[in-house]
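*Asks:* Protein chains in written order, with the working numbering: chain U, 52 to 382; chain R, 52 to 382. Note that CB positions come from ideal geometry on N, CA and C, so glycine has one too. Sharing a structure here in structure tokens format.
There are 2 protein chains.
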Amino acid sequence: MAILVTGGAGYVGMNVVEALLERGDDVVVFDAGAQPPAIVRRLRPYRSRVRIVKASVCNAAALERAFARRAIDGVVHCAAVTAGPAREASDPAISIDVNVRGTLNVLDAARRHKTRRIVCASSAAVYGESLYRLARIYEDTSPVAPVTLYGVTKLAAEGVCVRLRTLWEIDVVCARLGTLIGPWERDTGVRDNFGTHSQLARCALAGMPAVLPVHTVRRDWVYSRDVARGLLALLDVKSTRHAIYNLSAGIDWGVLDWCAALAAEYPRFSYRIAAAGETATIGYTDRDRCLMDIGRITHDVGFHPQYEPATAYADFLAWLKRTPDFWNAQQ
Amino acid sequence: MAILVTGGAGYVGMNVVEALLERGDDVVVFDAGAQPPAIVRRLRPYRSRVRIVKASVCNAAALERAFARRAIDGVVHCAAVTAGPAREASDPAISIDVNVRGTLNVLDAARRHKTRRIVCASSAAVYGESLYRLARIYEDTSPVAPVTLYGVTKLAAEGVCVRLRTLWEIDVVCARLGTLIGPWERDTGVRDNFGTHSQLARCALAGMPAVLPVHTVRRDWVYSRDVARGLLALLDVKSTRHAIYNLSAGIDWGVLDWCAALAAEYPRFSYRIAAAGETATIGYTDRDRCLMDIGRITHDVGFHPQYEPATAYADFLAWLKRTPDFWNAQQ
Numbered sequence: 052m053a054i055l056v057t058g059g060a061g062y063v064g065m066n067v068v069e070a071l072l073e074r075g076d077d078v079v080v081f082d083a084g085a086q087p088p089a090i091v092r093r094l095r096p097y098r099s100r101v102r103i104v105k106a107s108v109c110n111a112a113a114l115e116r117a118f119a120r121r122a123i124d125g126v127v128h129c130a131a132v133t134a135g136p137a138r139e140a141s142d143p144a145i146s147i148d149v150n151v152r153g154t155l156n157v158l159d160a161a162r163r164h165k166t167r168r169i170v171c172a173s174s175a176a177v178y179g180e181s182l183y184r185l186a187r188i189y190e191d192t193s194p195v196a197p198v199t200l201y202g203v204t205k206l207a208a209e210g211v212c213v214r215l216r217t218l219w220e221i222d223v224v225c226a227r228l229g230t231l232i233g234p235w236e237r238d239t240g241v242r243d244n245f246g247t248h249s250q251l252a253r254c255a256l257a258g259m260p261a262v263l264p265v266h267t268v269r270r271d272w273v274y275s276r277d278v279a280r281g282l283l284a285l286l287d288v289k290s291t292r293h294a295i296y297n298l299s300a301g302i303d304w305g306v307l308d309w310c311a312a313l314a315a316e317y318p319r320f321s322y323r324i325a326a327a328g329e330t331a332t333i334g335y336t337d338r339d340r341c342l343m344d345i346g347r348i349t350h351d352v353g354f355h356p357q358y359e360p361a362t363a364y365a366d367f368l369a370w371l372k373r374t375p376d377f378w379n380a381q382q
Numbered sequence: 052m053a054i055l056v057t058g059g060a061g062y063v064g065m066n067v068v069e070a071l072l073e074r075g076d077d078v079v080v081f082d083a084g085a086q087p088p089a090i091v092r093r094l095r096p097y098r099s100r101v102r103i104v105k106a107s108v109c110n111a112a113a114l115e116r117a118f119a120r121r122a123i124d125g126v127v128h129c130a131a132v133t134a135g136p137a138r139e140a141s142d143p144a145i146s147i148d149v150n151v152r153g154t155l156n157v158l159d160a161a162r163r164h165k166t167r168r169i170v171c172a173s174s175a176a177v178y179g180e181s182l183y184r185l186a187r188i189y190e191d192t193s194p195v196a197p198v199t200l201y202g203v204t205k206l207a208a209e210g211v212c213v214r215l216r217t218l219w220e221i222d223v224v225c226a227r228l229g230t231l232i233g234p235w236e237r238d239t240g241v242r243d244n245f246g247t248h249s250q251l252a253r254c255a256l257a258g259m260p261a262v263l264p265v266h267t268v269r270r271d272w273v274y275s276r277d278v279a280r281g282l283l284a285l286l287d288v289k290s291t292r293h294a295i296y297n298l299s300a301g302i303d304w305g306v307l308d309w310c311a312a313l314a315a316e317y318p319r320f321s322y323r324i325a326a327a328g329e330t331a332t333i334g335y336t337d338r339d340r341c342l343m344d345i346g347r348i349t350h351d352v353g354f355h356p357q358y359e360p361a362t363a364y365a366d367f368l369a370w371l372k373r374t375p376d377f378w379n380a381q382q
């Protein structure tokens, strides 16, 4: 039996694949893109337990073949288009096709092949404006109010999951992820909003100074390995009481402490807040986001985040040391 | 200049088409289905001002041709799949394809051809559970919580409209319709939840007794001609302050008064509440729905419903007299 990870060579997906392989599972990496050398290298020790299928979740026939070829015990569905405003305007269809129709294709293949459980990576983006209006976000009582096509289509994908969970009697559960920091974020061609911490790490590796926006944003970041742990906890738990779970660190993070950690490790790296009139080289929203409450996943699934900023930074720095070519190879 | 009505031979669409023709507009009826004889007959007096395009909104090329053939001043987008649970389970893709992707196709064609405004028929179904939990529904403050794939996909379509209103700078506005009663409801092949009042009217025309569920449901019904008036008000108003408007009658209706009106007109018709253990012949949910507040559309657009139950029933009965073959021809 294997676990199939859609978008398995993407940011969330690769963290999930790594965690599955490290604990001994067989994995099918289902991903539309090519694997950069650092990922190929990382998977090599596990090659007897990894199969790579290069296909999009929009390709129902390729999904069918992947499920038919070997028994799939569980699916972690991470494939998504995270379009920025430019792509939303130039190609709005791709977000609907991949994020909504693609999710339906995954559920359909999993159902026909009697897969035990499907865990879908959703996003805090479904809460949209609520993240800026409320003090704390709960799954049931905080209104969903997505703004971007990413948020709109992730919410629709959740709706499809929840409805078919009932109609098809499939075991599908959605995790609304906080904003990730950590290993394996890259420009896959459909990831337009590159994370703040990764932008800073790229500067540090390149020895470039980072100029931060005047407002140094705070939000519910979560370490990517904790996201993987949470998704696997949802895959493993005996039964899922709810269809929707927040999955984040449940703590408030900034960016300046990450700058300091990078500067200690990379002496050529410097950072500062933009002066009046100066353009920042690091891009992010200037709005602080409130915390997502993680009481439900803690209570139902027994998930506790393992990383807070200090441990996350230490692990991320160690990964950067091991994987210095990851971003260079793609630039 | 003409107005293009998608789903123009459907329930909402045909009411819109009728209202447009009666006031002198040229109309393009864009609809995937065939027109039954009663609709053909109804359109005949206006044949110089009506063009019929038999195509689905999923067919982007057909939309493009319709927009290219003559100048389209405005669009009323009514095409939708209103799937019941059986169709949701057997063909979930069609709701995504027609309701979400189809809406995007309409917006895209309208944008490329510089159409002045697009009015999209959305649905109270986007509020989902809120309709049963709250006392009154407001556009901004009442949480959306769709349950069915219809509600999920209509909410996603709204999200696409609202996002592209900003990104594309198009003038698109969505109306969340209450539950319609009135002329032109029919089984188009993709309308699975046939309205309570139409079910009762069919019984009356056929001289069949109606057995109602024990709970005689109450909700915010709205007369179909008022829906058409509201959609045209949104099409005509100089500017739209908001992207989303509730459109309903704003009053609480039952079904027993309609039964009484039908019985007075059709003496062979009888109705009663199901006895203990008896199966009702009229199907509907047993949950009362709260009112949708229509203050926003009244204030911004100047729309006031013209029909309350008594006047709606009189008009509906007159239509039944004029159009007795409408349902028979399809059964």
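Looking at V352 (chain R) and L285 (chain R), is the spacing between their C-beta atoms short of 8 Å?
*Replies:* Position 234 of the second sequence, counted from the first residue, corresponds to residue 285 (chain R). Position 301 of the second sequence, counted from the first residue, corresponds to residue 352 (chain R). Closer than 8 Å, so yes.
*Asks:* Terminal residues of the continuous alpha helix (DSSP H) containing G210 (chain R)?
*Replies:* Sequence index remark: in the second sequence, residue 210 (chain R) carries index 159 (1-based). Looking at the DSSP string, the run of the alpha helix (DSSP H) that includes G210 (chain R) is 200–218.
*Asks:* Taking three-plus beta-carbon pairs below 8 Å as touching, is the region 132–143 of chain R in contact with the region 204–223 of chain U?
*Replies:* Yes: the two stretches touch, three or more of their Cβ pairs being nearer than 8 Å.
*Asks:* What is the rounded straight-line gap between the Cα of R100 (chain U) and the Cα of F377 (chain U)?
*Replies:* Here residue 100 (chain U) refers to the residue found at position 49 of the first sequence. Here residue 377 (chain U) refers to the residue found at position 326 of the first sequence. Computed Cα separation, rounded: 23 Å.
*Asks:* Give the straight-line distance between the Cα atoms of V67 (chain U) and V223 (chain R), rounded to the nearest whole angstrom.
*Replies:* Position 16 of the first sequence, counting from 1, holds the residue named residue 67 (chain U). Position 172 of the second sequence, counting from 1, holds the residue named residue 223 (chain R). Using only the alpha carbons, I get a separation of about 41 Å.
*Asks:* Got a sec: is the Cβ-Cβ distance from P318 (chain R) to anything in chain U below 8 Å?
*Replies:* If you number the second sequence from 1, residue 318 (chain R) lands on position 267. No, its Cβ sits nowhere closer than 8 Å to a Cβ of chain U.
*Asks:* Looking at the unbroken alpha helix (DSSP H) that takes in V157 (chain U), where does it start and where does it end?
*Replies:* Here residue 157 (chain U) refers to the residue found at position 106 of the first sequence. Residues 153–163.
*Asks:* Pick out whichever of R:R347, R:H248, R:I221 has its Cα sitting closest to the Cα of F367 (chain R).
*Replies:* Here residue 367 (chain R) refers to the residue found at position 316 of the second sequence. For F367 (chain R), the nearest C-alpha among the options comes from R:H248.
*Asks:* Once DSSP output is grouped into helix, strand and coil, what is the label at R121 (chain R)?
*Replies:* Indexing the second sequence from 1 puts residue 121 (chain R) at position 70. Here R121 (chain R) sits in coil by DSSP.
*Asks:* Nearest chain R C-beta to G210 (chain U) closer than 8 Å, yes or no?
*Replies:* Along the first sequence, read from residue 1 onward, the residue named residue 210 (chain U) stands at position 159. So yes, G210 (chain U) belongs to the interface.
*Asks:* Would you say G58 (chain U) reaches chain R, if we count a Cβ-Cβ gap shorter than 8 Å as a contact?
*Replies:* By 1-based counting over the first sequence, the position of residue 58 (chain U) is 7. Cβ-Cβ to chain R under 8 Å: no for G58 (chain U).
*Asks:* With a cut-off of 8 Å, do at least 3 Cβ pairs link the region 103–117 of chain R to the region 79–87 of chain R?
*Replies:* Cβ pair count under 8 Å is three or more, so yes.
*Asks:* Using a 10 Å radius around the Cβ and a threshold of 16 neighbouring Cβ atoms, would you call I54 (chain U) buried or exposed?
*Replies:* Taking the first residue of the first sequence as 1, we reach residue 54 (chain U) at position 3. Buried: at least 16 other Cβ atoms inside 10 Å.
*Asks:* Is R340 (chain R) close to chain U, meaning its C-beta is less than 8 Å from at least one C-beta of that chain?
*Replies:* Against the second sequence, residue 340 (chain R) aligns to sequence position 289. R340 (chain R) does not count as touching chain U.
*Asks:* Mind the definition here: the region 265–275 of chain U touches the region 332–344 of chain U only if three or more C-beta pairs lie below 8 Å; say whether that holds.
*Replies:* Touching, per the Cβ criterion.
*Asks:* In angstroms with no decimal places, state the Cα-to-Cα distance between L72 (chain U) and G58 (chain U).
*Replies:* If you number the first sequence from 1, residue 72 (chain U) lands on position 21. If you number the first sequence from 1, residue 58 (chain U) lands on position 7. Computed Cα separation, rounded: 16 Å.
*Asks:* Would you say L285 (chain R) reaches chain U, if we count a Cβ-Cβ gap shorter than 8 Å as a contact?
*Replies:* Residue 285 (chain R) sits at position 234 when you count from the first residue of the second sequence. Not closer than 8 Å to any Cβ of chain U, the Cβ of L285 (chain R) fails to qualify, so no.
*Asks:* For the region 152–171 of chain R against the region 87–97 of chain R, are there 3 or more C-beta pairs whose distance is under 8 Å?
*Replies:* Output reads no: the region 87–97 of chain R does not touch the region 152–171 of chain R.
*Asks:* Tell me which residues share the same chain as T349 (chain R) and place their Cβ nearer than 7 Å to its Cβ, disregarding the 5 neighbours each side in the sequence.
*Replies:* As a position in the second sequence, residue 349 (chain R) is number 298, starting the count at 1. Excluding residues within five positions, the ones whose Cβ falls inside 7 Å are H355.
*Asks:* In this structure, how does DSSP classify F320 (chain R) when only helix, strand and coil are distinguished?
*Replies:* Numbered from its first residue, the second sequence carries residue 320 (chain R) at position 269. Note: F320 (chain R) maps to coil in three-state DSSP.
*Asks:* Cα-Cα, which of R:W235, R:C225, R:I145, R:L298 is closest to Q357 (chain R)?
*Replies:* Along the second sequence, one-based indexing puts residue 357 (chain R) at 306. Answer by Cα proximity: R:L298.
*Asks:* For I348 (chain R), list the residues DSSP reports as bridge partners.
*Replies:* Sequence index remark: in the second sequence, residue 348 (chain R) carries index 297 (1-based). Paired residues: none, contrary to the question.
*Asks:* Closer than 9 Å by beta-carbon distance: list the chain U residues that pair up with T204 (chain R), in chain order.
*Replies:* Within the second sequence, the letter at position 153 stands for residue 204 (chain R). Residues of chain U passing the Cβ test: V151, A207, G210, V211.
*Asks:* Quick check on this structure: which residue in U:E115, U:R120, U:A315, U:A70 has the alpha carbon closest to the alpha carbon of Y97 (chain U)?
*Replies:* Position 46 of the first sequence, counted from the start, is the residue given in the question as residue 97 (chain U). Nearest of U:E115, U:R120, U:A315, U:A70 to Y97 (chain U), Cα basis: U:A70.
*Asks:* Check the Cβ-Cβ distances between L215 (chain R) and every residue of chain U, and say whether any is below 8 Å.
*Replies:* Within the second sequence, numbered from 1, the residue matching residue 215 (chain R) stands at position 164. Yes - at least one Cβ of chain U is within 8 Å of the one on L215 (chain R).
*Asks:* DSSP three-state label for M65 (chain R), please.
*Replies:* Within the second sequence, numbered from 1, the residue matching residue 65 (chain R) stands at position 14. In this structure, M65 (chain R) counts as helix in the three-state DSSP scheme.
*Asks:* Just the chain R side, please: which residues come within less than 7 Å of T199 (chain U) by C-beta, in chain order?
*Replies:* As a working note, residue 199 (chain U) is residue 148 in the first sequence. Within 7 Å Cβ-Cβ: R214.
*Asks:* Among the residues of its own chain, which have a CB less than 8 Å from the CB of T154 (chain R), if the five just before and after it don't count?
*Replies:* Counted from its first residue, the second sequence places residue 154 (chain R) at position 103. Contacts found: V108, H128, C171, A208, V211, C212.
*Asks:* What are the boundary residues of the beta strand (DSSP E) that L298 (chain U) is part of?
*Replies:* The sequence position of residue 298 (chain U) within the first sequence is 247, counting from 1. Start and end: 295–298.
*Asks:* Check whether the Cβ of P136 (chain U) lies closer than 8 Å to any Cβ atom in chain R.
*Replies:* Counting from 1 along the first sequence, the entry for residue 136 (chain U) is found at position 85. True, the Cβ-Cβ gap to chain R drops below 8 Å.
*Asks:* Based on the DSSP secondary-structure assignment, which residues constitute the bridge partners of C225 (chain U)?
*Replies:* Taking the first residue of the first sequence as position 1, residue 225 (chain U) is located at position 174. Per DSSP, U:C171, U:I295.
*Asks:* Can you say whether H133 (chain R) is buried or exposed, counting buried as having 16 or more other CB atoms within 10 angstroms of its CB?
*Replies:* Translated into positions along the second sequence, residue 133 (chain R) becomes position 82. In the sequence under discussion, the amino acid at residue 133 (chain R) is Thr, which differs from the His named in the question. Buried is the call here.
*Asks:* Do we get a CB-CB distance below 8 Å when we pair A325 (chain U) with the residues of chain R?
*Replies:* As a first step, residue 325 (chain U) must be located in the first sequence, where it is residue number 274. No, A325 (chain U) does not count as interfacial toward chain R.
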